[in-house]
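All remarks here apply to the structure that follows.
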Amino acid sequence: MPIGDLDVPVIGKNVTIAVLVQTHILIATLILGASLIAPTAEYLGMVTKQPRYERFARNLARLIVILFATGSALAITFVLALVTLFPIFFSYLQNIFFWVFLVEAFLFLGVIIVLYAWYSVWDKLAYRKSLHVVFGFVAGGIGLIQMTMINVIASYMLTPSEAPVTDVASTYLNPTFVPLNMHRFVGNLSYVGFLIAGWAAWRYLRSTGEEDREYYDWMGHFGLLWGFGFLLLQPIIGYGYLKAIRESSPEAFNTIMLGDKSWLFILLMVELGIMGVASVAYFLHKLRFAVRPMENLRKLSVGAFALMALFSVLNVIPADASIVPQIGLVFGGGEGTQIPLGSMYPWKYIGLIGLTLVGFFVLALYLRATASGFVWGRASRWSQYALMVSAVVVVLTMVTMGYTRETARRVDNDPGYLIYGCITLQQQLTPETCAATGLERGD
Amino acid sequence: MHELALLLLQAQTTGNPTGVGLFRFFAGFVLIIAIFVTALLFTYWISKEE
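Just so you know, the sequences run in chain order A and B.
Its first residue numbered 1, the first sequence is counted upward by one per residue in our numbering.
Its first residue numbered 1001, the second sequence is counted upward by one per residue in our numbering.
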């Protein structure tokens, strides 16, 4: 039976898949990160006896339960679109990843059962809090394994293993599987942390009651600790991830780091810089409201803020005058015009290492102040704007990162790949360039 | 001055994407943000009375 080659009017089938997947990821990541942060907050509430943790955890759990339907609907629509628009590719995907898809389907069922049960028995288990917290962590854990299964496919598409496709272990543990998992696990928590902080800032600015102002002020601080704290791990993990891509799919690495799409790295650095500077500015502001005045800590944080801004600027200098060639943003001699301080080595390495170290330093200072407490409900409007800007930028960062990994497989579009070196965007097999073997035999 | 003006001029488009490709790139971005924000607003609207 012939298979139809369908297309989508106006936006095309590639963009259709991108839109469905990216929106699904933005929501699914929010659910996953929140389902790890919420039970943690519930546990902290149980240990510290502070009611705000309980209020926060329960509200977050409600958000997860409601948002889950939207995230699932997008996932199903995406799979339907993939089967319809890329049927040949999907059949190969199904052949290679049968076990992964099977496990994923059952995990979906598992997470629905545990997650909804966790929310619905909140009051019933009020006097068995430990059990309820465990419920929450089990839901988060299942979600985490679900993400791992999807990561097998996502990482394999960029870096297929040099092994027969029937070798389940090699396929599963392809070159970028581990770094992608680490990157996404940490990224989930950071992303949700920033979103929580941004939402709290919005609510803080709209709150009139003293109790709500105190609560949302604290919530912004709590969210930012997750957001900024886990963000600091990303340059280290990201280095490992990119190193794995360079070793197994060098042309894909060259495309996003050295080629016409290297502006994506600069864009990422701009986003990272904005989040870093906004977070440190918030910390700096918050130190004024420490219960015990900490002038030395504040002075040190001012220095850290200046260094953070300096390293961020160093990271965003392009290597040459060919900034974004796709839209004609090329100056002077283009690639021939080198820009001082713009090269990856040593400047961006210095910038990234500096940014990470300064970040850890200022976070340690802030946590020191947190230990003795803050006066809540007195934060300025500008500090809340910093949180809201971070929340918007973290969404843009997620979209940038998603586009970067997917576009890396296109290389020079001659041809672009769905599975790097193995299946082209036109769903043609290319066994001569494919690292994996056995795909063409269909066994 | 003339050299400076030349430097600031966009010299070339090495990526050479088609107009349709650029349109689809930005259309995709707008759609992603629109659907995501709509989902969040819907979630807020449906749960704000609780």
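A virtual CB, placed ideally from N, CA and C, is assigned to each residue, including glycine.
Exercise for the section: Taking 8 angstroms as the cut-off, decide whether the C-beta atoms of Leu-158 (chain A) and Ala-408 (chain A) are in contact. Expected result: For the purposes of this step, residue 158 (chain A) is taken as the residue at position 158 of the first sequence. For the purposes of this step, residue 408 (chain A) is taken as the residue at position 408 of the first sequence. Yes; because the gap between Cβ atoms is below 8 angstroms, this pair is in contact.
Practice task
Measure from the C-beta of Leu-1031 (chain B) to each C-beta in chain A and report whether the shortest distance is under 8 angstroms.
Solution key: Walking along the second sequence from the start, residue 1031 (chain B) turns up at place 31. True, the Cβ-Cβ gap to chain A drops below 8 angstroms.
Practice task
Apply the 10 Å Cβ neighbour rule to Ala-304 (chain A) and answer buried if 16 or more other Cβ atoms are within range, or exposed otherwise.
Solution key: Numbered from its first residue, the first sequence carries residue 304 (chain A) at position 304. Under this definition Ala-304 (chain A) is a buried residue.
Practice task
Go through its chain and collect everything with a Cβ distance to Pro-129 (chain A)'s Cβ below 6 angstroms, but skip five positions before and after it.
Solution key: The sequence position of residue 129 (chain A) within the first sequence is 129, counting from 1. Sequence check: residue 129 (chain A) is Lys here, not Pro. Same-chain partners within the cutoff: Met-46.
Practice task
Measure the CB-CB distance between Ser-190 (chain A) and Gln-146 (chain A) and report whether it falls below 8 angstroms.
Solution key: The residue you call residue 190 (chain A) lines up with position 190 of the first sequence. The residue you call residue 146 (chain A) lines up with position 146 of the first sequence. In this structure, Gln-146 (chain A) does not lie closer than 8 angstroms to Ser-190 (chain A) by Cβ.
Practice task
Output yes if chain A places a C-beta closer than 8 angstroms to the C-beta of Leu-1041 (chain B); else output no.
Solution key: Counted from its first residue, the second sequence places residue 1041 (chain B) at position 41. No, its Cβ sits nowhere closer than 8 angstroms to a Cβ of chain A.
Practice task
Return helix, strand or coil for Leu-310 (chain A), following the three-state DSSP convention.
Solution key: Reading the first sequence from its first residue, position 310 is the one you call residue 310 (chain A). Judged by DSSP in its simplified three-state form, Leu-310 (chain A) adopts helix.
Problem - Unbroken stretches of the beta strand (DSSP E), 3 residues or longer, contained in the region 366-428 of chain A - result: Listed in chain order, they are 417-419.
Exercise for the section: Would you identify the three-state DSSP class for Ile-323 (chain A), choosing helix, strand or coil? Expected result: Reading the first sequence from its first residue, position 323 is the one you call residue 323 (chain A). Note: Ile-323 (chain A) maps to strand in three-state DSSP.
Handout entry: Where Gln-50 (chain A) sits in the DSSP three-state scheme
Key = For this step, residue 50 (chain A) is matched to residue 50 along the first sequence. In this structure, Gln-50 (chain A) counts as coil in the three-state DSSP scheme.
Handout entry: Classification of Trp-263 (chain A) by the beta-carbon crowding that lies within 10 angstroms, buried from 16 upward
Key = Start at 1 with the first residue of the first sequence, and residue 263 (chain A) comes out as number 263. Buried.
Handout entry: Contact set between Ile-66 (chain A) and chain B, taken where Cβ atoms lie within less than 7 angstroms
Key = Sequence index remark: in the first sequence, residue 66 (chain A) carries index 66 (1-based). Chain B residues near Ile-66 (chain A): Thr-1043, Ile-1046 and Ser-1047.
Handout entry: C-beta neighbour in chain A for Gly-1028 (chain B), strict 8 angstroms
Key = Working through the second sequence from its first residue, we reach residue 1028 (chain B) at position 28. Chain A contact via Cβ: present.
Exercise for the section: Assign Leu-1006 (chain B) to buried or exposed, taking buried as 16 or more other Cβ atoms, counted over all protein chains shown, within 10 Å of its Cβ. Expected result: Taking the first residue of the second sequence as position 1, residue 1006 (chain B) is located at position 6. Low per-residue confidence applies at Leu-1006 (chain B): pLDDT is 47, beneath 50, and the placement is therefore not dependable, though the value from the model is reported in the following sentence. So Leu-1006 (chain B) ends up on the exposed side.
Problem - Endpoints, alpha helix (DSSP H) assigned at Tyr-119 (chain A) - result: Along the first sequence, read from residue 1 onward, the residue named residue 119 (chain A) stands at position 119. 98-120 is the extent of the alpha helix (DSSP H) around Tyr-119 (chain A).
Problem - For Ala-290 (chain A), three-class secondary structure by DSSP - result: For this step, residue 290 (chain A) is matched to residue 290 along the first sequence. Looking at Ala-290 (chain A) - three-state DSSP - the assignment turns out to be strand.
Problem - For Thr-437 (chain A), the residue or residues it bridges with in DSSP - result: Here residue 437 (chain A) refers to the residue found at position 437 of the first sequence. Listed as beta-bridge partners of Thr-437 (chain A) by DSSP are A:Pro-164.
Handout entry: C-alpha distance - Asp-414 (chain A) paired with Leu-232 (chain A), whole-angstrom precision
Key = The residue you call residue 414 (chain A) lines up with position 414 of the first sequence. The residue you call residue 232 (chain A) lines up with position 232 of the first sequence. Approximately 37 angstroms between the Cα atoms of the pair.
Practice task
Please state if the CB of Ile-11 (chain A) and the CB of Ala-34 (chain A) are separated by a distance shorter than 8 angstroms.
Solution key: Along the first sequence, read from residue 1 onward, the residue named residue 34 (chain A) stands at position 34. Along the first sequence, read from residue 1 onward, the residue named residue 11 (chain A) stands at position 11. Cβ atoms of Ala-34 (chain A) and Ile-11 (chain A): not closer than 8 angstroms.
Problem - From A:Asn-95, A:Asp-412 and A:Val-291, residue whose alpha carbon lies closest to that of Ile-256 (chain A) - result: What you label residue 256 (chain A) is simply residue 256 of the first sequence in a count that begins at 1. Among A:Asn-95, A:Asp-412 and A:Val-291, the Cα nearest to that of Ile-256 (chain A) is on A:Asp-412.
Problem - Cut-off 6 angstroms between Cβ atoms - residues of its own chain near Ala-391 (chain A), not counting five sequence neighbours on either side - result: Working through the first sequence from its first residue, we reach residue 391 (chain A) at position 391. Correct list, in chain order: Phe-194, Leu-195 and Gly-198.
Practice task
For Val-302 (chain A), name the three-state secondary structure that DSSP assigns.
Solution key: Walking along the first sequence from the start, residue 302 (chain A) turns up at place 302. Correct three-state label for Val-302 (chain A): helix.
Problem - Spatial distance of Leu-224 (chain A) from Trp-202 (chain A) (CA atoms) - result: Here residue 224 (chain A) corresponds to residue number 224 of the first sequence, with the count starting at 1. Here residue 202 (chain A) corresponds to residue number 202 of the first sequence, with the count starting at 1. Rounded to the nearest angstrom, the two C-alpha atoms are 14 angstroms apart.
Problem - Residue(s) in a DSSP beta bridge with Val-330 (chain A) - result: Taking the first sequence and counting its residues from 1, one reaches residue 330 (chain A) at position 330. Per DSSP, A:Ser-322.
Practice task
State the Cα-Cα distance for the pair Ala-1011 (chain B) and Asp-260 (chain A), rounded to the nearest angstrom.
Solution key: By one-based count along the second sequence, residue 1011 (chain B) stands at place 11. By one-based count along the first sequence, residue 260 (chain A) stands at place 260. Caution is warranted here: a pLDDT of 37 is assigned to Ala-1011 (chain B), below 50, making its placement in the model unreliable, and no coordinate value can be reported.
Problem - Three-pair Cβ contact test at 8 angstroms for the region 370-377 of chain A versus the region 208-218 of chain A - result: yes
Practice task
Kindly list the residues whose CB is nearer than 7 angstroms to the CB of Ala-252 (chain A), restricted to its own chain and excluding five residues on each side of it in sequence; keep chain order.
Solution key: Stepping through the first sequence from its first residue, residue 252 (chain A) is reached at position 252. By the criterion of a C-beta distance shorter than 7 angstroms, Ala-252 (chain A) is surrounded in its chain by Leu-158, Ile-245, Ala-408, Arg-409, Val-411 and Tyr-420, once the five residues flanking it on both sides are discounted.
Exercise for the section: Kindly indicate if chain B contains any beta-carbon less than 8 angstroms away from that of Gly-12 (chain A). Expected result: Taking the first residue of the first sequence as 1, we reach residue 12 (chain A) at position 12. Yes, Gly-12 (chain A) counts as interfacial toward chain B.
Exercise for the section: Quick one: using the 10 Å Cβ neighbour count with 16 as the cut-off for buried, is Val-451 (chain A) buried or exposed? Expected result: Shown here, chain A extends from 1 to 443; a query on residue 451 (chain A) therefore has no answer.
Exercise for the section: Between the Cα of Ala-281 (chain A) and those of A:Ala-321, A:Ile-327, A:Asn-188 and A:Arg-381, spot the shortest distance and give me the residue it belongs to. Expected result: Working through the first sequence from its first residue, we reach residue 281 (chain A) at position 281. Of A:Ala-321, A:Ile-327, A:Asn-188 and A:Arg-381, the residue nearest in Cα terms is A:Arg-381.
Handout entry: C-beta atoms of Gly-110 (chain A) and Ile-142 (chain A) nearer than 8 angstroms
Key = Working through the first sequence from its first residue, we reach residue 110 (chain A) at position 110. Working through the first sequence from its first residue, we reach residue 142 (chain A) at position 142. Closer than 8 angstroms, so yes.
Problem - Pairwise C-alpha distance: Leu-439 (chain A) and Tyr-92 (chain A) - result: Position 92 of the first sequence holds residue 92 (chain A). Position 439 of the first sequence holds residue 439 (chain A). If I take the Cα positions, the gap works out to 8 angstroms.
Exercise for the section: Let me know if Arg-441 (chain A) comes out buried or exposed under the rule of 16 or more other beta-carbons within 10 Å of its beta-carbon. Expected result: Working through the first sequence from its first residue, we reach residue 441 (chain A) at position 441. Under this definition Arg-441 (chain A) is an exposed residue.
Practice task
Determine the direct distance from the alpha carbon of Met-294 (chain A) to that of Ile-353 (chain A), and round the result to whole angstroms.
Solution key: What you label residue 353 (chain A) is simply residue 353 of the first sequence in a count that begins at 1. What you label residue 294 (chain A) is simply residue 294 of the first sequence in a count that begins at 1. Computed Cα separation, rounded: 27 angstroms.
Exercise for the section: Output yes if chain B places a C-beta closer than 8 angstroms to the C-beta of Arg-206 (chain A); else output no. Expected result: Locating residue 206 (chain A) in the first sequence gives position 206, counting from the first residue. Taking Cβ atoms only, chain B never reaches closer than 8 angstroms to Arg-206 (chain A), which makes this a no.
Exercise for the section: Would you please verify whether the beta carbon of Arg-62 (chain A) is less than 8 angstroms from any beta carbon of chain B? Expected result: The residue you call residue 62 (chain A) lines up with position 62 of the first sequence. True, the Cβ-Cβ gap to chain B drops below 8 angstroms.
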